[in-house]
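Let me begin by presenting the structure, written as structure tokens, before commenting on it.
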Amino acid sequence: MRRNFIGEKDLSRKAGSFNLAMAVVKSGNKGSIEKSAYAIRTLAGFIKEEFDLKNLAKLEREHMATFAEHLREKVNAGEIALANAANIVSCLNTVFNHFGRDDLKLSAKEEGLSRGPKYDNKDKSVSAVVHDKFLNYLNDKLNQTGDSRFQALKLSVQLQRELGLRFKESTLFDGAKLNKSNQTITIVNGTKGGQARQVPVTEKALNLIKQIQEFRKENNYTRSLIPDNMNFKIWQTFAYHTVTNFNNEYGEQFHYHGERHHYAQERYKELTGVEPPAKIGLSKEEYLNYAASKLNISINETVELIKEARLIVSEELGHHRLEITNSYLGR
Numbered sequence: 001m002r003r004n005f006i007g008e009k010d011l012s013r014k015a016g017s018f019n020l021a022m023a024v025v026k027s028g029n030k031g032s033i034e035k036s037a038y039a040i041r042t043l044a045g046f047i048k049e050e051f052d053l054k055n056l057a058k059l060e061r062e063h064m065a066t067f068a069e070h071l072r073e074k075v076n077a078g079e080i081a082l083a084n085a086a087n088i089v090s091c092l093n094t095v096f097n098h099f100g101r102d103d104l105k106l107s108a109k110e111e112g113l114s115r116g117p118k119y120d121n122k123d124k125s126v127s128a129v130v131h132d133k134f135l136n137y138l139n140d141k142l143n144q145t146g147d148s149r150f151q152a153l154k155l156s157v158q159l160q161r162e163l164g165l166r167f168k169e170s171t172l173f174d175g176a177k178l179n180k181s182n183q184t185i186t187i188v189n190g191t192k193g194g195q196a197r198q199v200p201v202t203e204k205a206l207n208l209i210k211q212i213q214e215f216r217k218e219n220n221y222t223r224s225l226i227p228d229n230m231n232f233k234i235w236q237t238f239a240y241h242t243v244t245n246f247n248n249e250y251g252e253q254f255h256y257h258g259e260r261h262h263y264a265q266e267r268y269k270e271l272t273g274v275e276p277p278a279k280i281g282l283s284k285e286e287y288l289n290y291a292a293s294k295l296n297i298s299i300n301e302t303v304e305l306i307k308e309a310r311l312i313v314s315e316e317l318g319h320h321r322l323e324i325t326n327s328y329l330g331r
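Here our numbering is used: position 238 in the sequence shown is 238, and no number is missing along the way.
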């Protein structure tokens with residue numbers, strides 16, 4: 001990287017963002033500079049608020065994956081236009097190119113933020129092989145250091161995969177009780193806007209919750225899966241550094257959000273009886289024909305089945321709009 005991202009100015013403010021934008025936009029075009037400055041402020045403000053990072057030089061891939069999710073949610077909530085989100089991604093990629101940080105670039109198309117065809121049906125879930133590899137890495141770190149944080153992080157990752165929890169939700173998890181009437185648990189801590197939601201639980205998930213309860217008791221984690229002497233932002237830094245070290249050491253591209261993608265895809269398959277488009281890679285029309293043939297039902301019945309399944313998955317992920325599932329399932 002040629003220079004410190006932040007320089008002497010706060011990039012969440014106009015002066016700092018404009019100074020950096022003028023250095024990055026070689027053409028000197030005023031409109032391009034303004035767009036770049038806006039994109040820089042948007043990212044810097046989000047990173048400062050979410051992660052307490054005041055220096056963008058400390059950005060890691062996981063931060064950008066979380067930022068992409070943030071943009072998707074704002075688009076789907078109607079808070080910003082898709083074109084606006086696409087411009088932000090494009091401008092930030094130019095900034096990262098200027099500093100030689102290709103690792104931080106986002107693909108607007110892959111993230112569902114493209115102004116053209118919005119989804120390319122790319123599977124962004126964490127495979128079973130990579131998932132197990134990361135858990136083994138955490139086990140090795142625990143054995144080498146005796147640091148219980150690696151065990152806590154392992155349990156958090158398993159929660160993300162088994163229950164479709166966001167990273168924050170999984171780390172703030174305190175061991176929810178089973179709603180016996182419908183075999184669900186209620187997720188409250190760390191949810192977007194504090195909106196509680198119910199998610200179904202399997203026997204495997206119940207066993208995991210029991211493990212978490214035992215772990216917390218044995219290691220005196222009185223609040224959640226975060227050590228009592230750490231706040232969420234410090235814990236998040238530890239978790240993000242850990243996954244960065246893993247990816248660098250093993251040449252992988254593991255990211256926490258990919259565990260939620262896995263949950264969404266498995267749940268969709270459970271509800272419909274077929275793999276989602278992201279797993280198969282067919283066009284929308286081809287996929288409908290494939291699913292109808294495999295399920296031996298009409299196209300209209302297939303459309304209704306898929307719509308109902310997507311709505312269920314959306315709610316279980318903590319969303320309330322059907323379109324957000326395209327990012328997880330393809331379309």
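Yeah, the Cβ is synthetic: ideal placement off N, Cα and C, and Gly gets one too.
Between Arg-166 and Gly-146, the C-beta gap is not smaller than 8 Å, which leaves the two residues out of contact. Separation of Ala-196 and Ile-299 (C-alpha to C-alpha, rounded to the nearest whole angstrom) is 35 Å. Residues Arg-115 of the same chain have their beta carbon placed closer than 7 Å to that of Ala-83, with the five preceding and five following residues left out of the count. The alpha-carbon separation between Gln-236 and Phe-51 amounts to approximately 8 Å. Going by C-alpha positions, Ile-40 is about 8 Å away from Ala-21. Pairing Cys-91 with Gly-45, the inter-Cα distance amounts to about 16 Å. Per the C-alpha coordinates, the member of Thr-42, Leu-43 and Phe-18 positioned closest to Gly-31 is Phe-18. When the beta-carbon positions are compared, Val-313 and Leu-295 stay at least 8 Å from each other. Under the three-state reduction of DSSP, Leu-159 is assigned to helix. In the DSSP secondary-structure assignment, Val-199 is bridged to Ile-185.
For Leu-178, DSSP records a beta bridge to Ile-185.
When Cβ pairs closer than 8 Å are counted between the two stretches, the region 284-291 is seen not to touch the region 197-208, the count staying below three. Look at the region 95-144 and you find no whole run of beta strand (DSSP E) that is 3 residues long or longer.
Measuring C-alpha to C-alpha distances from Arg-61 to each of Ala-128, Phe-254 and Thr-171 identifies Phe-254 as the nearest. Contact between the region 175-182 and the region 237-256 is absent: fewer than three C-beta pairs spanning the two stretches fall below 8 Å. Secondary structure of Ile-297 (DSSP, three-state): coil. Residue environment analysis places Tyr-256 among the buried positions, since at least 16 neighbouring C-beta atoms fall within 10 angstroms of its C-beta.
If you compare the alpha carbons of Leu-153, Phe-215 and Gln-183 with that of Glu-169, the shortest gap goes to Leu-153. Annotation for Val-157: His-131, Phe-134, Leu-135, Leu-138, Ser-170, Tyr-256 and Glu-259 place their beta carbon closer than 8 Å to its own, counting only its chain and skipping 5 residues before and after. Listed in chain order, the non-local C-beta contacts of Asn-121 below 6 Å within the same chain comprise Pro-277, Ala-278, Gly-281 and Gly-330, local neighbours out to five positions each way being set aside.
Counting only residues of its own chain and dropping the five nearest sequence neighbours on each side, Ile-88 has a CB closer than 8 Å to the CB of Tyr-38, Ala-39, Thr-42, Leu-43 and Leu-71.
Non-local beta-carbon contacts of Lys-48 in its own chain, meaning distances under 7 Å to residues more than five positions away in sequence, involve Ser-12 and Lys-54 in chain order.
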